[in-house]
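Chains as they are written, first to last, in our numbering: chain D, 1 to 117; chain Z, 1001 to 1117.
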């Protein structure tokens, strides 16, 4: 299974919007998730911690629309574009949030995800 | 100057289509340029070699349209989306080529560029 195969399977599944299923299938046990900035969520390591981060996000954002473009591949990495229309519960203000994510693949699993915005 | 400042300046300049000017201003002397695949162009290192790669590309592709979306930032890296409508001289066939590029910044210069497609 090449990184391209993983990228295709990952992108097909995430397009269904079932983010939980995506994480359970593709996160490596030692996955690292990197956000921009210096806060406590800037670097989250380990499948359990990354799952908890995803659960926090899902509980605190209402998703009105979600589009995925990609995947785009380079070696053991791939990138996708996310276009989300969301309302963060903290602000109550509906916003368009577009971002790029890159993923590093090892043995069919994602060992690093990095979000750019 | 933060990576965000570099990303903004880079993206504003590349949107003008003057790729030569972009390289001269932003490539570090030891820049590394990474393409997908295993060919001789997969990894090109050094500003002179990366400039030569760009000159080869410009000489061998007719560009009908070029759009840039971004930048999207994470720490010392940023990403952009390129949408190019081109005719490679080798095939003579006009194609749409969309790709994502990520750039790693050090001291206001790009030390690595990586292209995903």
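Yeah, the Cβ is synthetic: ideal placement off N, Cα and C, and Gly gets one too.
Buried versus exposed call for residue i [16 or more other C-beta atoms within 10 Å across all chains shown]
i: residue 1007 of chain Z; result: buried
i: residue 1101 of chain Z; result: buried
i: residue 70 of chain D; result: buried
Inter-residue CB distance, residue i and residue j (contact presumed, cutoff 8 Å)
i: residue 99 of chain D; j: residue 82 of chain D; result: 5 Å
i: residue 1103 of chain Z; j: residue 1072 of chain Z; result: The Cβ separation is near 11 Å, so there is no contact.
Residue i and residue j closer than 8 Å at C-beta
i: residue 114 of chain D; j: residue 1074 of chain Z; result: yes
i: residue 31 of chain D; j: residue 111 of chain D; result: yes
i: residue 80 of chain D; j: residue 63 of chain D; result: no
i: residue 1061 of chain Z; j: residue 1040 of chain Z; result: no
i: residue 21 of chain D; j: residue 13 of chain D; result: yes
i: residue 1076 of chain Z; j: residue 1003 of chain Z; result: yes
i: residue 10 of chain D; j: residue 58 of chain D; result: no
i: residue 23 of chain D; j: residue 43 of chain D; result: no
i: residue 153 of chain D; j: residue 66 of chain D; result: The first residue shown for chain D is 1 and the last is 117, placing residue 153 of chain D beyond what the model contains.
N- and C-terminal bounds of the alpha helix (DSSP H) containing residue i
i: residue 1012 of chain Z; result: 1003-1014
i: residue 20 of chain D; result: 19-26
i: residue 53 of chain D; result: 47-60
Range of the contiguous beta strand (DSSP E) that encloses residue i
i: residue 1098 of chain Z; result: 1095-1106
i: residue 1079 of chain Z; result: 1077-1088
i: residue 116 of chain D; result: 109-116
Residues within the segment 1021-1037 of chain Z neighbouring chain D, beta-carbon criterion of under 9 Å: 1034, 1035, 1036 and 1037
Cβ-based contacts, 9 Å cut-off: residues of the segment 73-85 of chain D near chain Z: 73, 74, 75, 77, 78, 79, 80 and 81
Chain-ordered residues of the segment 92-105 of chain D with a beta carbon less than 7 Å from chain Z: 99, 100 and 102
Against chain Z: residues of the segment 46-58 of chain D by CB proximity under 7 Å: none
Within 9 Å of chain Z by C-beta, residues of the segment 105-117 of chain D in sequence order: 114, 115, 116 and 117
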